[in-house]
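Q: Let me begin by handing over the structure; questions about it come next.
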Amino acid sequence: MDLITTQESLDYHSKVRPGKIEVMPVKPCRDQKDLSLAYTPGVADACKAIHEDRELAYTYTGKGNLVAVVSNGTAVLGLGDIGPDAGKPVMEGKGVLFKIFADVDCYDINIDVKDPDKLCEVVKALEPTFGGINLEDIKAPECFYIEDRLKQEMNIPVFHDDQHGTAIISGAGLINSLEISGKKIEDIRIVVSGAGAAAIACSRFYTRMGVSPENIAMFDSRGHIHAGRTDLNPQKKEFAGEKAYAGMAEAFKDADMFLGLSRGNLVSEDMVKKMAPYPVLFACANPTPEIAYPLAKKARPDAIMGTGRSDFPNQINNVSGFPFIFRGALDVRAREINEDMKLAAAKAIAALAKEPVPDHVLEAYGAKDFAFGMDYVIPKPLDLRLIEYVAAAVAESAIATGAARKEPDMANYRQSLRERLARSRARAEGLLKTYGW
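Position 163 of the sequence shown, counted from 1, bears residue number 297 in the working numbering, the numbering being contiguous throughout.
Encoded structure:
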């Protein structure tokens, strides 16, 4: 992968037109009649219809294809609490990914509010505008309270991607890793480095998949999280084991999986050597993993290794999940994104990794072939088939669990998604050409 320079990044964000997204009309406004339809007096007819039936907002406005990416900038990427202004480039980036990968329209809402209850009130007030809320880069433990409250009080999907996106993608990788190793999920033991939003969500997700909570050894900056500690918040207490490990190295002995969501270079080759046969290592600290891919594979050639980086196999990247999860949820007007819908997304991602890889993916990565196995347990993020697999699985699960308010023609849904994405990407490419990109 070609490395980028700081100046290249700043030029990308500033040249031609500042930022990464813009709003474009999808209806004509060329003459007096168009103007009358777009605004006054014609708009009154749509307003009156919605006043009689609020659900018609999905018919006469863009609400059903509009997601808010909401952040207060308190936990931005690996940058920490840099505030909503400095976090805005990331939120605009999420908007780009929503549109390019799933044709979901997006506004980034950057809020200068740290009080959890005040933040909840602001987001709740946005419900008439949006079909879904993507919470982003809000620090733990407040993020748990905020999401839980909003899910209870709002009637549209609320999804904190820092938590559930990582859980879903890594969960898909775990499904396939266990198939390769022949292990049963109820038997495996996991070491988790990190105890923030993503680590807690992943651990919860794995337990729903069948991992025993007693088999998860979680570590925060103060060491192993165990029942004897008195400094634990409620989320950490969920994973406080009875046995206390002196350090992470001790927990690695005979462990089946390592999940890293902390900081780089915390894991040594000796620690990896002590793991059980066919260990799974998902070292997701960015840009420097807890252990580098080459070092882990040198220590254990039988390891199934994944990182957050695109220049090594098995990239655990949330873009493989959130655009398509919202796509499916929006298309059935879901009230929520529930646990069954998340698990359906993980299973769909895992299933796609077993399919033959099309040329567009090989070309994007400059590769001759990708095939299901230790170095390919997760589909590549640039695989355009993800929308068909994941959105359809989420929509079907929403219908099955009663979360949906609308049921599309599922027999033709996948084909419609493929066609929709092709049209959307063509429009985007045309716009970029007008700006000289």
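Positions of the beta carbon are idealized from the N, C-alpha and C atoms, including for glycine.
The model shown is predicted, which means the values in this text are computed figures rather than measured ones.
#1: In terms of alpha-carbon separation, which member of G442, L308, P421 lies closest to V511?
#2: At the 8 Å Cβ level, is L137 part of the contact set with chain C, yes or no?
#3: Taking Q166 as the reference, give the member of T174, D474, V160 with the closest Cα.
#4: Of the residues L144, V150, E142, Q141, which one's Cα is nearest the Cα of W571?
#5: Less than 8 Å separating the beta-carbons of A410 and G375?
#6: Please classify G394: does DSSP put it in a helix, a strand, or coil?
#7: Would you mind sorting Y427 into buried or exposed? The rule is 16 or more other CB atoms within 10 Å of its CB.
#8: Check C418 in the structure and name its three-state DSSP category.
#9: Is the CB-CB distance between G357 and G381 below 8 Å?
#10: DSSP state of F353, grouped into three classes?
#11: Given this structure, state the Cα-to-Cα distance separating L190 from F416, to the nearest angstrom.
#12: What are the residues that DSSP puts in a beta bridge with Q449?
#13: Which same chain residues, not among the five before or five after F504, have their C-beta less than 6 Å away from its C-beta?
#14: Can the beta-carbon of F235 be found closer than 8 Å to that of I471?
#15: Do the CB positions of I267 and P291 come within less than 8 Å of each other?
#16: Please check the pair E424 and S311, which I expect to be a contact at CB under 8 Å, by giving their CB distance rounded to whole angstroms.
#17: Let me check one thing: in DSSP terms, what residues is H294 bridge-paired to?
#18: Run through DSSP, which three-state label would I243 get?
A: From the atom records:
#1: L308
#2: The chain labelled as chain C is not found in the depicted structure, where only one protein chain is given.
#3: T174
#4: V150
#5: no
#6: strand
#7: buried
#8: coil
#9: yes
#10: strand
#11: 45 Å
#12: T441
#13: V491, Y510
#14: no
#15: yes
#16: Rounded, the Cβ-Cβ distance is 17 Å, inconsistent with contact.
#17: L269
#18: strand
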